[in-house]
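Comments concern the structure below.
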Amino acid sequence: MRKITKAVIPVAGLGTRMLPATKEIPKELLPILDKPVIQYVVEEAVNAGISEIIFVTNTSKGAIKNHFKQNLTLEKYLKEKKKKDTLSKFPNYLFKKINFSSVLQKTPLGLGHAILAAEKKIKNEDFAVFLPDEFLVSKTDKSDFNRMLVNYSKTNQNQILVEKIPKKMISNYGVVKLKSNKISVIKPENILDIIEKPSNRDAPSDKRVVGRYILPSIIFKFLKKTKPGADNEIQLTDALRKMILQNSDSFQATLSESKIFDCGSMKGFVGANIAMGLKDKDLKKHIMETLI
């Protein structure tokens, strides 16, 4: 089986939809229960076999990097108080064997530009991309990304995670055109085209792109040739489209089996907290009592 070991996680966004909470605190550090969003995303990657995490960041996001480092004073205090359970949840204990690094995106010029910033770290390897705004709560023991890896190994094709959405929401997302409508959780399908934020009338399907990708290193070549689009940003979707139109067998869509929350928005952030709270027996009881 081919193996994906590197994951790029863009965290350079300004979090404007969550202001003023994100004025000084990176949106990726806002908590879902007792852990920040970014830690859940890293756990998702590591649990699937990723051994190297590459953050694409900016100069104001040093707190994210610090979250994954040791805090000797706090850890000493917890040891003295014999709070081993709390200590065991710290990133430097959970991710001892994981290599963390970061690259700087000096100007916020879009997702495609952010991924391009990681080129020197990736070199000539296939790699994963995780967008931390997309918070996935799996409905099974096997994560969507794990299934993406299985499909990647079986078919030798790059992978994009998709979910079925109502037509009224189509114009908010990148949408894929599939070879057939036979896609299912157990059956991926070839992608023939991908369109960024189409109108309801022009949408090629009701399957939108979710922020999980397995990409080839050649994507950097396409990103370098991609001209800025809306808001003067380099869109990953535009580069993917050029690649797919050149080779219709290059990408597959894996259908999500998760509940997905946009944690870059207030509704998504609150929804993710409730969804995770309902997974805890004590918190579930408290939530239900609060809602009554």
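Here the sequence shown stands for residues 3 to 294, where the numbers follow our numbering. All residues carry an ideal CB built from backbone N, CA and C; glycine is no exception.
Straight across, the Cα-Cα distance linking residue 45 with residue 220 is about 27 Å.
If you look at residue 175, you'll find it isn't in any beta strand (DSSP E); DSSP assigns it neither H nor E. With respect to the 8 Å criterion, residue 35 and residue 23 are not classified as neighbours on the basis of their beta carbons. The residue among 181, 12, 209 and 139 with its C-alpha nearest the C-alpha of residue 169 is 209.
Per the C-alpha coordinates, the member of 53, 265 and 234 positioned closest to residue 139 is 265. By the Cβ rule, the region 221-241 counts as touching the region 99-115, because three or more pairs are nearer than 8 Å.
In the same chain as residue 245, and ignoring 5 residues on each side of it, the C-beta atoms closer than 7 Å to its own belong to 221, 224 and 252, in chain order. Secondary structure within the region 198-264: the beta strand (DSSP E) runs of 3 or more consecutive residues, fully enclosed, are 209-217, 253-257 and 260-264 (chain order). One alpha carbon belongs to residue 206, the other to residue 87, and they sit about 49 Å apart. Each residue's CA atom was taken as its position, placing residue 190 and residue 148 some 13 Å apart. In the DSSP annotation of this structure, residue 267 is not part of any alpha helix (DSSP H), being labelled neither H nor E. The way I'd put it, the region 76-86 doesn't touch the region 42-62; fewer than three beta-carbon pairs between them come closer than 8 Å. Counting only residues of its own chain and dropping the five nearest sequence neighbours on each side, residue 48 has a CB closer than 7 Å to the CB of 97 and 100.
A check of alpha carbon separations from residue 217 across 81, 137, 163 and 68 identifies 163 as the nearest.
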